[in-house]
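Asker: Here it is: the structure, laid out below.
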Amino acid sequence: MPNEPRKLSAQIRDVEFGENVTYVEPVNMYGCKLGDDCFVGPFVEIQSSVTVGKGTRIQSHTFVCEYVDIGEKCFIAHGVMFINDLFQIGGPAYGKKELWKSTKIGNNVSIGSNATILPVNICDDVVIGAGAVVTKDIDKPGIYAGNPAKLMREIPS
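So for the sequence shown, numbering that gives the first Met the number 0 puts the first residue at 0; every next one is plus one.
Below, the structure is given as structure tokens:
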């Protein structure tokens, strides 16, 4: 008799929802907080200790790992990956959350499809191009693209 695999289902558990939040199933959200008027597309995972500010939209196939704080009125496009483990010990820090790092995304930030965001701080009013890899803090409003992401053009205030 063959072994039966353990089946787990996507779920929504211990989530604090603001008013007028919309999500499209299937999603996997647990231990996180979503502000008013947020939208979460299908095939998104938002892990514990994540905060999503009001009016933010997260599109399909995006992964938001623990210790990410996303500001208000942000747009997170399809397939964006947030990273909290920099493999400081040469591989994944299994069971060593103290090695994980946090990410803070300001307000009015747009992140293009398939961008990868390492543990950084990104100020308000930033556009991250599709496919960009953000490896360092961004402290000046502007448009950033490439791998590693670099300032392409400033955005006037």
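Here a beta-carbon is modelled for each residue, glycine too, at the ideal position from N, C-alpha and C. What you are looking at is a predicted structure, and each value in this text was computed from that prediction instead of being measured.
1) Given this structure, state the Cα-to-Cα distance separating Arg152 from Ala9, to the nearest angstrom.
2) Can you check DSSP and say which residues form a bridge with Ala76?
3) Just verifying my parser: in three-state terms, what is the DSSP assignment at Lys149?
4) Would you mind stating whether Ser47 and Cys31 have Cβ atoms separated by less than 8 Å?
5) Less than 8 Å separating the beta-carbons of Glu65 and Gly54?
6) Which of helix, strand or coil does DSSP assign to Glu97?
7) Using a Cβ-Cβ cutoff of less than 6 Å, which residues in the same chain neighbour Val23 once the five nearest sequence positions on both sides are dropped?
8) Tell me the DSSP bridge mates of Asp68?
9) According to the neighbour-count rule (16 or more other Cβ atoms, all chains shown, within 10 Å of its Cβ), is Ile104 buried or exposed?
10) When the Cα atoms are used, what is the spatial distance from Ala148 to Leu7?
Answerer: By the coordinates alone:
1) Their Cα atoms are separated by approximately 40 Å.
2) Per DSSP, Ala76 has no beta-bridge partner at all.
3) Residue state, collapsed to three classes: strand.
4) Going by C-beta atoms, Ser47 is nearer than 8 Å to Cys31.
5) Taking 8 Å as the Cβ cut-off, Glu65 and Gly54 do not qualify as a contacting pair.
6) In the three-state reduction of the DSSP assignment, Glu97 falls in the helix class.
7) Excluding five sequence positions before and after Val23, the CB atoms of its chain that fall closer than 6 Å to its own CB belong to Gly40, Pro41, given in chain order.
8) DSSP output for Asp68 lists Thr50, Lys103 as bridge partner(s).
9) Around the beta carbon of Ile104, 16 or more other beta carbons sit within 10 angstroms, so the residue counts as buried.
10) Using only the alpha carbons, I get a separation of about 36 Å.
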